[in-house]
Structures are given as structure tokens and as C-alpha cells.
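S.K.:
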Amino acid sequence: MGNANMAWPDKVTICEVGLRDGLQNEKKMLSVEEKLQLLDATVESGVKIIEIGSFVHPKAVPQMADTDKVVQAMKKADGIEYRALVANLKGVERAHAAGLSKVKLTVSASEAHCINNFNSTPTKMIEGFATSVEFALKNSMTVSGAISTSFGCPFAGKVPVQQVENAVRGFLKLGITELSLSDTTGMANPRQVYELGSYMVRTFPQVSWVMHFHNTRDMALANIIAGMQAGVAVFDGAFAGLGGCPFAPGASGNVATEDVVHMLHEMGIDTGIDLLKAMSTARMAEKMVGHEAASAVLKAGRCEDLTKEKAQHQENK
Ligand code: ZN
Numbered sequence: 010m011g012n013a014n015m016a017w018p019d020k021v022t023i024c025e026v027g028l029r030d031g032l033q034n035e036k037k038m039l040s041v042e043e044k045l046q047l048l049d050a051t052v053e054s055g056v057k058i059i060e061i062g063s064f065v066h067p068k069a070v071p072q073m074a075d076t077d078k079v080v081q082a083m084k085k086a087d088g089i090e091y092r093a094l095v096a097n098l099k100g101v102e103r104a105h106a107a108g109l110s111k112v113k114l115t116v117s118a119s120e121a122h123c124i125n126n127f128n129s130t131p132t133k134m135i136e137g138f139a140t141s142v143e144f145a146l147k148n149s150m151t152v153s154g155a156i157s158t159s160f161g162c163p164f165a166g167k168v169p170v171q172q173v174e175n176a177v178r179g180f181l182k183l184g185i186t187e188l189s190l191s192d193t194t195g196m197a198n199p200r201q202v203y204e205l206g207s208y209m210v211r212t213f214p215q216v217s218w219v220m221h222f223h224n225t226r227d228m229a230l231a232n233i234i235a236g237m238q239a240g241v242a243v244f245d246g247a248f249a250g251l252g253g254c255p256f257a258p259g260a261s262g263n264v265a266t267e268d269v270v271h272m273l274h275e276m277g278i279d280t281g282i283d284l285l286k287a288m289s290t291a292r293m294a295e296k297m298v299g300h301e302a303a304s305a306v307l308k309a310g311r312c313e314d315l316t317k318e319k320a321q322h323q324e325n326k
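Count along the sequence shown from 1, then add 9; that gives the number in my numbering.
What follows is the structure, encoded as C-alpha cells:
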């Protein structure tokens, strides 16, 4: 295969966000007990970073109103990072009170999106995070940042790179160096991901980059390939591809964790995740939310299964 110029990472880290980003867009509300079952299965499959929920206003996201209870009741396994999404100081305080040591603050890169939703600019919103970060650090918590609408905005369309960069600089000013470029609305395309990703990796070498894709328009796996080519090796996924899109009713949700794991393993890239176990977590989630998963590998099975079946068939002939 001579001219193989694409550079692949040996290992990719998958963060499971199904319990937060997946479930928050589902109509069916799961019980604390069901969430704990999904959490246990996720840990069992070998996932090392798990977003267990969010501490935001219960009226805004009723699916996440019981995150305190989930955190208090969960068995914490060693070597696993449990994090929650927060929007302000109140959220960080709740996370701390529940016993969590990692929170993620999120802002929209798009000025139009920020002004429409929060009547504020991204820069002002990030400045407003200072008290949250101060409280977190005082209490030995770590903080990461997420930049939503990095690749497209339902109000403004394409988001200028300068606006994404402003958000990055704002987070860096607060001392936050783990940042996620998020495509909440599923508008990213692979070329854009490669170009924006490469630019960010080059311009901000001090940042640990994460990418977060929704499969709204079926481009998520291609975007992950483009992200890896840009030098990113940490991606979010949600079991069974749960999540939907708040701006496109009926659209598919987050990229399915098991589809990402399957693709990476087929490519010889290690994830540390047991695919069969990830698939059974996804089936469990599918049953709990009461609708079919947006997951290719759950429908078609693994490539490996196909060849095994064929080999078996040959032997029986
Ligand atoms: Zn998302």
C-alpha cells in the first residue's frame, strides 16, 4: 500500500456523554436506578471518562434534575473521571456538594447564538465563569471548557474562526486548558473539522483538545477521521447514539459510542473499550428510552461477526 500518508493515533480516548447529552434530549425520563445501571455498564465496558449528568436549572433540563442523586448513589470506580456539565457557580457548588471533582463549563462560540439565548456575548459569559472556576479550584476540583456551535450555528450559519478563537482565549485566561470543540447542531463537515482542528492544535499547543460530534447529518464518523488527522485523539460519544438535536426534531443524536469504537478497532486504533460490552450498554439504553437506536453497528453487527459466520458456513459445507 506504499504511499500511506495519513497519520493515525495509536490510541483514542472516548468520553461517554450518553448519560448527559444523550438523555437530556430524550422524551422519556429515566429513573436514578436506570441511570446507575447504564453507568455501571459503561464502566464495565472500559470507558474511562464519563459525563454523568449536568447541574443546571431543573426547569430548563428536567431530565437532569436528579444528577445530585445519581452522583451520591453511584459507586465510584478507580481510575475513572466522572464529570458533569455546569452553567454557573450554583452548578459547581451542587457538583461539589454531591461529591464530584470535575466540571465542564460551556459557552457558545457563535455571538448570534449567545445573544439570542443568553442576551450576552461569549466573551462576557466566559468572564462570568471566573467565580465558578475560583470556587472549583479552591475545592480541588478540575474544570474543562466546551465551545458549542464551533462548526455552525442555527442562527448565524457558519461561525467565523475568530469567534471560536475568542472563546478559546477566554477559557485560557481563566486557566482552563482542556477544551472541547463541539458540533451541537451536526453542521460540521470533515474538511472544516480538519482545517479548524489543525489551526487550533497549531495555535494553542497548551490545550488538550476534545471534539464532540452529533450525527445529525450523518457526517460524525467522517468528522472524527478529520479530527484525528488534525491531531485530536479524544472524542465524545453517546451509547446508542442517543441525543437528538434541539433544533431539528427527529434528527439523529450524538455519534454512537459503539459505532466509533467499532470503526477505530477496525482501523487498528486502540480505545481500551470492550466493543461487545459497549454494544450491550447501547441495547440497554435503547430499551430504557423505548425507541430504536441510531447506531449502525447495533443494526448490522460487527464486521468481525460477518466473517466469523462465513467461516463457520464454509466449515459446515
Ligand atoms: Zn452535544
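Every residue, glycine too, gets a C-beta built ideally from N, C-alpha and C. Remember, it's a predicted structure, so these values are computed and weren't measured experimentally.
Looking only at its own chain, which residues have a Cβ that is under 6 Å from the Cβ of Thr280, when we skip the five neighbours before and after it?
M.R.: Answer for Thr280: Val21, Ile23, Val270 and Leu273, listed in chain order.
S.K.: Thinking C-beta only, is Ala291 closer than 8 Å to Leu315?
M.R.: Not closer than 8 Å, so no.
S.K.: Can you check DSSP and say which residues form a bridge with Val270?
M.R.: In the DSSP output, where bridge partners are listed per residue, Val270 has none listed.
S.K.: Report the option in Lys286, Ile89 and Val101 whose CA atom is closest to the CA atom of Thr76.
M.R.: Checking every option, the nearest Cα to that of Thr76 belongs to Val101.
S.K.: How about Ser261 and Thr212: do their beta carbons lie closer than 8 Å?
M.R.: Contact: no.
S.K.: Within a Cβ cutoff of 8 Å, which residues of the same chain sit near Val80, ignoring the five residues on either side of it in sequence?
M.R.: Excluding residues within five positions, the ones whose Cβ falls inside 8 Å are Ile61, Gly62, Tyr91, Ala93, Ala104, Ala107, Gly108 and Leu109.
S.K.: Say yes only if the C-beta of Asp30 is nearer than 7 Å to one or more non-hydrogen atoms of the ligand ZN, and no if none qualify.
M.R.: Result yes, Cβ under 7 Å from the ligand ZN.
S.K.: Count the CB pairs spanning the segment 203-210 and the segment 154-173 that are closer than 8 Å, and state whether there are at least three.
M.R.: Yes: at least three Cβ pairs fall under 8 Å.
S.K.: Within the same chain, show all residues whose beta-carbon is closer than 6 Å to that of Gly55, passing over the 5 residues directly before and after it, in chain order.
M.R.: Gly281, Ile282 and Asp283, listed in sequence order.
S.K.: Using a threshold of 8 Å, state whether the C-beta atoms of Ser118 and Ser149 are closer than that.
M.R.: Sequence inspection shows Ala at residue 118; the Ser mentioned does not correspond to that position. Cβ atoms of Ala118 and Ser149: not closer than 8 Å.
S.K.: Measuring straight from C-alpha to C-alpha, what distance separates Leu183 and Gln201?
M.R.: Their Cα atoms are separated by approximately 27 Å.
S.K.: Starting from Phe144, trace the alpha helix (DSSP H) in both directions and tell me its first and last residue.
M.R.: Ala139 to Lys147 is the span of the alpha helix (DSSP H), which, as asked, contains Phe144.
S.K.: Is Asn232 near the ligand ZN - that is, is its Cβ less than 7 Å away from at least one heavy atom of it?
M.R.: No.
S.K.: Say the cut is 7 Å; is the CB of Thr266 nearer than that to a heavy atom of the ligand ZN?
M.R.: No, since every heavy atom of the ligand ZN falls outside the 7 Å radius drawn around the Cβ of Thr266.
S.K.: If Phe222 and Asp192 are in contact, beta carbons under 8 Å, what's the gap, nearest whole angstrom?
M.R.: Right, the Cβ-Cβ distance comes to about 5 Å (below 8 Å), so this counts as a contact.
S.K.: Which residues mark the beginning and the end of the alpha helix (DSSP H) in which Asp192 is found?
M.R.: Looking at the DSSP string, Asp192 is not in any alpha helix (DSSP H); the run it does join, the beta strand (DSSP E), is Glu187 to Asp192.
S.K.: When DSSP labels each residue in this structure, what does Ser4 get in the three-state scheme?
M.R.: Limits of the chain in this structure are 10 at one end and 326 at the other, which puts residue 4 out of reach.
S.K.: Would the C-beta of Ala193 count as close to the ligand ZN, meaning under 7 Å from any of its heavy atoms?
M.R.: The displayed chain sequence assigns Thr, not Ala, to residue 193. Yes, the ligand ZN has a heavy atom inside 7 Å of this Cβ.
S.K.: Helix, strand or coil, according to DSSP, for Gly62 in the structure here?
M.R.: DSSP places Gly62 in strand when its eight states are reduced to three.
S.K.: Could you tell me the alpha carbon to alpha carbon distance between Gly252 and Gly277, rounded to whole angstroms?
M.R.: For Gly252 and Gly277, the distance between alpha carbons rounds to 28 Å.
S.K.: Nearer than 7 Å: is that true of the beta carbon of Gly252 relative to any heavy atom of the ligand ZN?
M.R.: Yes, the Cβ of Gly252 comes within 7 Å of a heavy atom of the ligand ZN.
S.K.: Considering Lys99, what are the terminal residues of the alpha helix (DSSP H) in which it resides?
M.R.: It spans Leu98 to Ala107 - the alpha helix (DSSP H) in which Lys99 sits, taken as one unbroken run.
S.K.: Tell me which same chain residues have a C-beta within less than 6 Å of the C-beta of Val142, skipping the five on either side of it?
M.R.: Taken in chain order, the residues that qualify are Val152 and Leu183.
S.K.: Have a look at Asn97 and Ala239 and give me their C-alpha separation to the nearest angstrom.
M.R.: Distance between the alpha carbons of Asn97 and Ala239: 31 Å.
S.K.: Under the criterion of a Cβ to heavy atom distance below 7 Å, does Asn224 qualify as lining the ligand ZN?
M.R.: No, the ligand ZN has no heavy atom inside 7 Å of this Cβ.
S.K.: Looking at the unbroken alpha helix (DSSP H) that takes in Leu32, where does it start and where does it end?
M.R.: Careful: Leu32 lies outside any alpha helix (DSSP H) and carries neither H nor E.
S.K.: Who pairs with Arg92 in a beta bridge, going by DSSP?
M.R.: BP columns for Arg92 point to Glu60.
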